[in-house]
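Presented below is the structure to which this report refers.
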Amino acid sequence: MLIRELGLPVEKIDACKVGCMLFWKDDKHLEFCKFCGHARYKHVKGQKPRRKRSAYATLQYLSITPRLQRLYASNTTTEHMSWHVTHKTENGVMRYPSDAEAWKYFDETHPDFATEPCNVRLSLCADGFAPHRQYDKSYSC
Ligand SMILES: [Zn+2]
């Protein structure tokens, strides 16, 4: 409901209940998880076969392109998107991502990209997920 009110396109992709895979692309017609064998859809007793079925888990995917286009749609947010070019870095203080060594290294290795202030850098940050189906809580990334 909240996502719909943003006015951005949302793609819903069924997922395995356990989290092994997405029913997407070549796998979008599968009825069972190809890793654990769990059923894709909830079984409703007495349901007619042609009725829309409900998946155990669904991923809501928000494509990045319309989100970035929206950020550049107003003068206020456009200014924020290129703020990293105009702000002053305080020596020895890392307050913003553009103050970090990784950002500076990226700019040095990709100067053509770095000179365009409207270019967007994307990074991935996660806190507490278990790769390779490790359910042991003592290991987390
Ligand atoms: Zn599975």
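Take the sequence shown: its position 9, counting from 1, is numbered 9 in full-length UniProt numbering, and each next residue is one higher.
Beta carbons: idealized from backbone N, C-alpha and C, even for Gly.
- Apart from sequence neighbours up to five positions away, the residues of its chain that approach M94 with a beta-carbon distance below 7 Å are A100, ordered along the chain.
- Checking the DSSP bridge columns, you'll see Q60 partnered with K12.
- Around the beta carbon of C36, fewer than 16 other beta carbons lie within 10 angstroms, which makes this residue exposed.
- Look at L122 here: in three-state DSSP terms it is coil, with no helix or strand label.
- Taking a C-beta distance under 8 Å as the contact criterion, S63 and E5 do not qualify as a contact pair.
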